[in-house]
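Next comes the structure, spelled out in structure tokens:
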């Protein structure tokens, strides 16, 4: 790898951070220039100058001069979501830990996600002209109106959010079964505040696994429409809509700037950008 190359890890994404590792002049992988992505499918070991990937993850190496070109090219490739249309099941996981409760009730979360107006259900149906419909997951007596209440008996304060989410997965699997978890198209985790992002930030918003079925939201972002639509978009293999080199500067579509609003704004998706 050449110094200052961009190494993109496909399979995980942080909402309020960049998603490139950079190499310094010693070819050591760093994440302090644009932030960094972290997830349960890769492990970063800077002391060995390597990034270890679990099965299913992929790496793309982008030279600096081609950075914008590859961004645009990837956006166009990832905009093909024809195989993601139809009826897609959604499970909302209301998480509490041993040291923090969840401020949002199961009924409130169900209303926020599956209600008739200003919800990800209504918005994806509107944006797709009825071709993509989000429905409540079923298949377990523990799931009520698309939501499951999950108590995780550990202290999550100061814990890496990705590590905590992996622990939550273990408890969720015990409660609903691995087969059901795999069959659900989108699992939305609403976790209480207190954990930290991969960059060590307390006030992180949300992250999603690209092309997978997981969205993890930090309170109070569990209530915000733009967070839901944006992060589910990553599940559908959509990437950020940036402007002037800033990942979230574009305010013309759901994959750009995010808003801390309930039931709004009602935005859809813009077309692929072309480099001029």
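Numbering (this note's numbering), first residue to last: 825 to 1100.
Where a beta carbon is used, it is the ideal one built from N, C-alpha and C, also for glycine.
Backbone secondary structure at residue i - three-state DSSP
i, result
"residue 946", "helix"
"residue 923", "coil"
"residue 935", "helix"
"residue 1059", "helix"
"residue 1034", "coil"
"residue 1010", "strand"
"residue 872", "The predicted model places residue 872 with a pLDDT of 41, which falls under 50 and marks its position as unreliable; any figure quoted below should be read in that light. Helix."
Residue-chain proximity (residue i, chain C), Cβ-Cβ < 8 Å
i, result
"residue 1045", "Looking for chain C here will not work: only one protein chain is present."
Cut-off 7 Å between Cβ atoms - residues of its own chain near residue i, not counting five sequence neighbours on either side
i, result
"residue 995", "974 and 976"
"residue 1084", "1048"
Of the listed residues the options, nearest to residue i (C-alpha basis)
i, options, result
"residue 1074", "1092, 1061 and 1087", "1092"
"residue 1066", "1006, 1082, 925 and 1025", "1082"
"residue 1034", "934, 1047 and 1011", "1011"
"residue 1045", "922, 928, 915 and 910", "928"
"residue 964", "931, 982, 944 and 998", "998"
For residue i, the residue or residues it bridges with in DSSP
i, result
"residue 960", "914"
"residue 1019", "1017"
"residue 973", "918"
"residue 984", "1020"
"residue 968", "971"
"residue 1045", "Bridge partners of residue 1045: none, in fact."
Cβ-based neighbour list, residue i, same chain, cut-off 6 Å, excluding 5 preceding and 5 following
i, result
"residue 1016", "924, 926 and 1043"
"residue 1009", "912, 913 and 1037"
Contact under 8 Å by Cβ, residue i with residue j
i, j, result
"residue 985", "residue 1019", "yes"
"residue 1063", "residue 947", "no"
"residue 1077", "residue 1094", "yes"
"residue 1049", "residue 1088", "yes"
"residue 921", "residue 980", "yes"
Spatial neighbours of residue i in its chain, beta-carbon cut-off 8 Å, leaving aside the 5 residues before and after
i, result
"residue 992", "917, 919, 974, 976, 1013 and 1015"
"residue 909", "952, 955 and 956"
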